[in-house]
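Visitor: There's a structure below that I have some questions on.
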Amino acid sequence: MKKRLRRFWLGFLIFVSLVGPGIITGSVDNDAGGITTYSVAGALYGYKLLWTLIPAFIILVVVQEMNARMGIVTGMGLADLIRENFGLKITFLIFLGLVIADIGNTATEFAGVAGSMMVFGISKYICVPIAAVLVWILVVKGNYKIAERVFMLFSFCLLSYIISAILAKPDWKMVTTGLLTPQMHFNKDYLTIILGIIGTTVAPWMQFYMQSSVIEKGLKIKQYKFTFWDVIVGCTATVVVAFFIIIACAATLHKNGIVINEAKDAAVSLKPFAGVFASQVFAFGLFVASIFSATILPLATAFYVCEAFGFEAGINKRLNEAPQFYALFTSIIAIGVFIILLPHAPLIAITIWTQIINAVLLPVVIISMLIMVNNRDIMGGYINNKFQNAVGWSTAFILISLSILLVISPLISRLIK
Amino acid sequence: MVNQIKSDIAMQAAKNMFIYFSKLIDKPVFDKNAEAIGRLYDIIVKPSAVYPQSSGLIIRKGFPKRRYAVVDWLSIQEMDKKEIRLNIDKSKIAFKEKHDNKEEFTLRRDILDQQVVDTYNHKVVRVNDIHLLFVDHSLMVAHVDISTRGLIRRLGFEVPVDFLVKLFNKKAKYLTLEYLITWKHIQPLSINPVSMAIKVDVAQKDFRNIPAADLGEIFLDLNMKDQIVLFKSLDISTKARIFINIDFKTQKSLIEDLNTSEIVDILNNIPSDEATDFLEKLPRDATHDILSLMESKQSKKLSQLLGYSSDSAGGLMTMEYMAFPKDTIVESVLNQIKERVFKVEPAQFIYIVDENNRLIGSTNFRRLILAESQAPIQNASFPKTYSVHLNSSVKEVAYLMDKYKYYAIPVVDDNNVLQGIITVDDILSQVISIAWRRLKRIKVQPKNL
C-alpha cells in the first residue's frame, strides 16, 4: 500500500514537472477571438451549438497529440519540418496565410483589451496604445519567460467563467440536450459560427506553438505517456471554458433575445441578468486572455516565419542581430493596433475574415502534418495509427467542405429563390 | 580601358558557367528524338570530392500520381537554362512509383531548404539555393546561397522585386551583395535514416579549428536529431570541447541518447571540474551508475569532488594541475611538462610540494626558463604563494585572485595538502552570474519559444 502510494506520488511529481506544452497551449487557446465566438454562439443560438464542442475536442486532442509526437521524435519545429519536406513555395503560401490571419488575430486581441477596459470605463484610445507599448517592452526589454508564467497563473481566472455561468442559472436539462443532439442548418450564419468555433478552438498557429513548446521542454519519447496526458488536460481545460462561456451567454442573453457582436457586449449585457460581479469577472477574464495572446501571437508568428525562412530569431538576440525578427514582431503589433484605433473599425468583418482564413488554413496545415506524421523516414516507428488518421483526414475533409459550403451558400440560397 | 573590357568579358563567361539549382528544377527533359520525358526533379551527386560532382538525374512525371526515373549523367546530351536533352531513347527509361534510395546524396532532398553548418562563419544556416558550376560536361556544387534574394529567386519574384528595389535605390546592397558560401566550408547534416549517420562527412577537420565556445553555440542551434548524429560523428576531443560548452539541458538530452561507454569516454576526457558540474546536477542514482563504470582512478577523483558544496572552493576546483616535489631539478621539470598531455584547461602555474604533498610554493614558466637548469625547482619559486581552503566561499576566492592577480589559485585542506586549483575562467563565470542575478538582467530565454 505504502509502495503504491509512493509510486503514485512519484508519477504525480513527474507529471507536474512535465506539465507544460499542452496546458500552456490550452490556456493560450481561449483568446479574445475564442471568447467572442463562444459568446456570440451562445447569445445567438442558445444551447443549440454546445454539441460542436465534442468534435472540436476530439480534433484538438488528435491534432495536438500529433504535434507533440512530431516534436518529440524529430526535435524540429513545425515550420522547419514543413520547409524541409514541402519546399519553399508551399511554405511561403502557408506562412503568407498565417501572417495575415495572425495580424487579424492580433487586432482581435487588442479589440478584446479595448472591450474589457470599456466595461471598467476606460477609453480604447488610452488603453490600447498603453497595452501595445507594454507588450512590446515586455518582450524586447523584459523577461518574457517570467511573464509567461505570470500569465499562466492569471489564466486560471478563465475558470471564473464557470462562476459566471452558474450565477446565470442555466437550464441544465437544455444544456444536456444541446450537448448531445447535433443539429445542422445549411444557412450562412450557422455554418459561419460552426466554422468559427472549430477555427478558433483549433487555430492553425497553435500547432506551431505547441510543437515549439514540446521542443523547448526537451521531451523524450520515454516521457510520451505524460505528454499525452498533458495534452488531454490542456484540451479539456480549453473546451470546459468554452462550454461555460456558451452556457453563460445562452442562459442570459439568448433567453432575453439580446444580440451581441463582441465579447465586451456579453460582459456589458450580463450585468442586468447575472449581476455586476459576473459582468466584471467576465471582463477581467477577457482582459487577461487578450493581453496574454496579444503578447504571444506576434512573438510566435515572427518566430515561425524566421524559423522557416532561415532568419536569425529569438528575443535573446539584439536588434541588429535579428532585424527581420524584430521588424516582423513590431509591425504585426503596429498594424493590429492601427486597425483597432480606426474610429469606425470594421471589427466584426475583421473577426469573421480572420476566422475564415484560419479555417481555410487549418486543413492545409493538418494535411501537411498528416503527410509528415505518416512518413517513416521522419517519424520512424511512431507514425499515426488508423484512428488518428481517420480523425485527421475527416477533419480536413469536413473543414474543406464547410468552407466551400460557406462560400457557395449565398449562391445556393439565391438559386433557390 | 581595353583591359577593363577584356576582364568584363571574362566575367561574363564565368557568369555563364555558373547556374543556380533553382533555375534547373522543373525544366523539361527530352530524349534524343526530342520527345518529352518529364521534368528535372533532383540531381544525384558524388559527395566524395571536396566539391561534389553530379552523377545522375532524377526525372519526375505525372500529376497527381507522380512517377520517378533515374538517368545516368552520361546520358545527357546537352543542358541549359531552358531544357535538358538526353542522348538515349525514351523507351530505355524506366519510371517507378517512388524514388527513395537512402544511400545516395541528392541536392533537392539533402541540401536545398535544409540546415547546414557554415564552418567558416561558425553558424547554422538554411540553404535557399545552390550555386552549380559547369565543368567538363558535368555540374559541381560550388556554393550555397543563404540570402534573402535567393529566397525571392526561388519564389519566382526576382524580376519584380529587383525592379522595385532599383526604383528606390539603384545602388541598394540587396542587388550586389551575394551571400554565397563556398562548399568547402559547408557541413551538410542530412542523415541516412537506415544507418543513422551523417551522409557526407568532410568537415571534421574544419570543426577542429572552430573555437570551443562557438562550437557550443553552433550545436545549440541544431535540432535534437542533428545534434546527436553530428555529435556521434566527431572525434573524442571535439566531443569533449562541445560537451563542456553546452547547457545542462542539452548535455542531459545528449547523454540520454548515448550508450554508457560513450558517456564514460566523454567524462574521462573533460576536466574534472566540468565533469563534476555535470554529474552533480544529475539524479543521485544516475551519477552513481556513471561513476561505477568509469576508470577507478578518475571516478575516485570525481566522487571526491562531488562531496564538496558546489559554491565552495572544493566544488569549483579542478584536479588537473602540475605539481612537483621541491627537490626536482628544473631541467627535469621542463622535460616532464613537455611530455604530459593536458586536457582542455590551460596550465599556467607549477606548484611545488613536499613529500606529503603539502603546498610550499609555486612558480611559472618564465621563472622556470630563467632559472638555472640544474637547480632544484624550489629555487625558482615565487617568494610567497597564497592558497584557499576547500571550504572557502566563491567571494573569498574571487577576492584573493583579484588581489594577487592570479590566473589560478591552489586549494588546500586543513593540513595544507594540495587538493586542486581553481582557474580564473571558472571563478569569472561564477562572479558574472552573481553580478547578473543582482542586476536582474540575466536572460534565460532558450532558442525555441
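Protein sequences, first through last, are from chains A and B. One rule links them: number in the numbering used here = place in the first sequence (from 1) + 67. One rule links them: number in the numbering used here = place in the second sequence (from 1) + 7. Here a beta-carbon is modelled for each residue, glycine too, at the ideal position from N, C-alpha and C.
So, helix, strand or coil for B/D120, using DSSP?
Guide: Within the second sequence, the letter at position 113 stands for residue 120 of chain B. DSSP places B/D120 in coil when its eight states are reduced to three.
Visitor: Just how far apart, CA to CA, sit B/R156 and B/V124?
Guide: In the second sequence, the residue the question calls residue 156 of chain B occupies position 149. In the second sequence, the residue the question calls residue 124 of chain B occupies position 117. Near 20 Å, if we compare the C-alpha coordinates of B/V124 and B/R156.
Visitor: Let me know if B/M24 comes out buried or exposed under the rule of 16 or more other beta-carbons within 10 Å of its beta-carbon.
Guide: By 1-based counting over the second sequence, the position of residue 24 of chain B is 17. With fewer than 16 other Cβ atoms within 10 Å, it is exposed.
Visitor: According to DSSP, is A/G188 part of a helix, a strand, or is it coil?
Guide: Looking up residue 188 of chain A in the first sequence gives position 121. Looking at A/G188 - three-state DSSP - the assignment turns out to be coil, as it is neither helix nor strand.
Visitor: In the DSSP output, what is A/A317 paired with across the bridge?
Guide: One-based indexing of the first sequence puts residue 317 of chain A at position 250. DSSP output for A/A317 lists no bridge partner at all.
Visitor: Ordered along the chain, which non-local residues of its own chain (more than five positions away) have a Cβ less than 6 Å from that of B/S244?
Guide: Residue numbering aside, residue 244 of chain B sits at position 237 when the second sequence is read from its first letter. For B/S244, where only same-chain residues beyond five positions count, there are no Cβ hits under 6 Å.
Visitor: From the beta carbon of B/Y27, is the nearest beta carbon of chain A less than 9 Å away?
Guide: As a position in the second sequence, residue 27 of chain B is number 20, starting the count at 1. Output row for B/Y27: interface = no.
Visitor: Starting from the beta carbon of A/R150, find every residue of chain B whose beta carbon is closer than 7 Å, and list them in chain order.
Guide: Mapped onto the first sequence, residue 150 of chain A falls at position 83. Per Cβ cutoff of 7 Å: D120.
Visitor: With contact counted as at least three CB pairs below 8 Å, one residue from each stretch, are the stretch 117-125 of chain A and the stretch 245-260 of chain A in contact?
Guide: Counting Cβ pairs under 8 Å, three or more are found: they touch.
Visitor: Which whole-angstrom value is the C-beta distance of B/I262 and B/G223, which I expect to be below 8 Å?
Guide: Sequence index remark: in the second sequence, residue 262 of chain B carries index 255 (1-based). Sequence index remark: in the second sequence, residue 223 of chain B carries index 216 (1-based). Incorrect: roughly 16 Å between the Cβ atoms, too far for contact.
Visitor: Any heavy atom of the ligand NAP closer than 8 Å to the beta-carbon of A/I102?
Guide: With respect to the ligand NAP, the structure shown offers nothing to examine, as it has no ligands at all.
Visitor: Tell me whether B/Y48 sits in a helix, a strand or coil according to DSSP, three-state version.
Guide: Within the second sequence, residue 48 of chain B is the residue found at index 41, counting from 1. B/Y48 falls in the strand class under three-state DSSP.
Visitor: Let's test the definition: count the other Cβ atoms within 10 Å of the Cβ of B/V360 and tell me whether it reaches 16, buried, or not, exposed.
Guide: The count along the second sequence starts at 1 and reaches residue 360 of chain B at position 353. Per the 10 Å Cβ criterion, buried.
Visitor: With a Cβ-Cβ cutoff of 9 Å, do A/D98 and A/A401 count as a contact?
Guide: As a first step, residue 98 of chain A is located in the first sequence; it is residue number 31 there, counting from the start. As a first step, residue 401 of chain A is located in the first sequence; it is residue number 334 there, counting from the start. It is not a contact, given that the beta carbons lie outside the stated cut-off.
Visitor: A/T141 CB to nearest chain B CB: under 9 Å?
Guide: Looking up residue 141 of chain A in the first sequence gives position 74. Yes, A/T141 counts as interfacial toward chain B.
Visitor: Among B/D254, B/P218, B/D213 and B/K239, which one has its Cα closest to the Cα of A/G285?
Guide: As a working note, residue 285 of chain A is residue 218 in the first sequence. Considering only alpha carbons, the answer is B/D254.
Visitor: My assumption, with CB atoms under 8 Å, is that A/G377 sits in contact with B/N135. Please give the rounded CB distance.
Guide: Within the first sequence, the letter at position 310 stands for residue 377 of chain A. Within the second sequence, the letter at position 128 stands for residue 135 of chain B. Confirmed, Cβ separation roughly 7 Å.
Visitor: Return the first residue and the last residue of the beta strand (DSSP E) that B/M147 is part of.
Guide: As a working mapping, residue 147 of chain B is identified with position 140 in the second sequence. Residues S145 to D152.
Visitor: If I measure Cβ to Cβ from A/K236 and keep anything under 7 Å in the same chain, skipping five residues before and after, which residues do I get?
Guide: As a position in the first sequence, residue 236 of chain A is number 169, starting the count at 1. If we look at A/K236 and ignore the five residues flanking it on each side, its Cβ neighbours are A318.
Visitor: Can the beta-carbon of B/S197 be found closer than 9 Å to that of B/D264?
Guide: The residue you call residue 197 of chain B lines up with position 190 of the second sequence. The residue you call residue 264 of chain B lines up with position 257 of the second sequence. Contact flag unset, no.
Visitor: Can you say whether A/M134 is buried or exposed, counting buried as having 16 or more other CB atoms within 10 angstroms of its CB?
Guide: For the purposes of this step, residue 134 of chain A is identified with residue 67 of the first sequence, where counting begins at 1. The question names Met, yet the displayed sequence has Asn at residue 134 of chain A. Buried, since its Cβ has 16 or more Cβ neighbours within 10 Å.
Visitor: Pull up the distance between the alpha-carbon of B/D228 and that of B/R133, whole angstroms please.
Guide: Taking the second sequence and counting its residues from 1, one reaches residue 228 of chain B at position 221. Taking the second sequence and counting its residues from 1, one reaches residue 133 of chain B at position 126. The straight-line gap from Cα to Cα measures roughly 11 Å.
Visitor: Can you give the Cα-Cα distance for A/F275 and B/L274, rounded to whole angstroms?
Guide: Reading the first sequence from its first residue, position 208 is the one you call residue 275 of chain A. Reading the second sequence from its first residue, position 267 is the one you call residue 274 of chain B. Straight-line Cα distance between these residues: approximately 37 Å.
Visitor: In three-state DSSP terms, what is B/H295?
Guide: For the purposes of this step, residue 295 of chain B is taken as the residue at position 288 of the second sequence. Three-state result, B/H295: helix.
Visitor: Give me the residue from B/G314, B/S369 and B/R215 with the minimum Cα distance to B/N386.
Guide: Counting from one through the second sequence, the residue named residue 386 of chain B turns up at place 379. Answer by Cα proximity: B/S369.
Visitor: Any contact of the stretch 99-117 of chain B with the stretch 76-85 of chain B, i.e. 3+ C-beta pairs under 8 Å?
Guide: Contact between the stretch 99-117 of chain B and the stretch 76-85 of chain B is present, because at least three Cβ pairs lie under 8 Å.
Visitor: Any idea if B/T183 is buried or exposed, counting beta-carbon neighbours within 10 angstroms, 16 or more meaning buried?
Guide: Residue 183 of chain B sits at position 176 when you count from the first residue of the second sequence. B/T183 is exposed by the Cβ-count criterion.
Visitor: At 7 Å on the CB atoms, spell out the chain B contacts of A/F376, in chain order.
Guide: To locate residue 376 of chain A, count along the first sequence from 1; it is residue 309. Near A/F376 (Cβ distances below 7 Å), the residues of chain B are L158.
Visitor: Going along the chain, which residues of the stretch 368-401 of chain A sit with their C-beta nearer than 7 Å to a C-beta in chain B?
Guide: Residues passing the 7 Å Cβ filter: F370, F376, G377, G381, I382 and N383.
Visitor: From the DSSP output, which residues share a beta bridge with B/F141?
Guide: Start at 1 with the first residue of the second sequence, and residue 141 of chain B comes out as number 134. Looking at the DSSP assignment, B/F141 forms a beta bridge with B/L146.
Visitor: Using 9 Å as the limit for Cβ to Cβ distance, is A/G352 near chain B?
Guide: Looking up residue 352 of chain A in the first sequence gives position 285. No, A/G352 does not count as interfacial toward chain B.
Visitor: Taking the alpha carbon of B/I384 as the reference point, which residue from B/S400, B/D421, B/P332 and B/Q426 has its own alpha carbon closest?
Guide: As a first step, residue 384 of chain B is located in the second sequence; it is residue number 377 there, counting from the start. Per the Cα distances, B/P332.
Visitor: By the three-class DSSP mapping on this structure, what secondary structure does A/T92 have?
Guide: For the purposes of this step, residue 92 of chain A is taken as the residue at position 25 of the first sequence. In the structure shown, A/T92 sits in a helix (DSSP, three-state: H, G or I).
Visitor: Taking C-beta pairs closer than 7 Å, name the residues in chain A that B/L162 reaches, listed in chain order.
Guide: Within the second sequence, residue 162 of chain B is the residue found at index 155, counting from 1. Simply L155, K156 and F159.
Visitor: Measuring alpha carbon to alpha carbon, tell me which of A/A178, A/I406, A/I465 and A/M277 ends up nearest A/V298.
Guide: In the first sequence, residue 298 of chain A corresponds to position 231, counting from 1. Ranking the options by Cα distance to A/V298, first place goes to A/M277.
Visitor: Name the chain B residues that come within less than 7 Å of A/K292, Cβ to Cβ?
Guide: In the first sequence, the residue the question calls residue 292 of chain A occupies position 225. Near A/K292 there are no residues of chain B at all, since even the closest Cβ is about 16 Å away, more than 7 Å.
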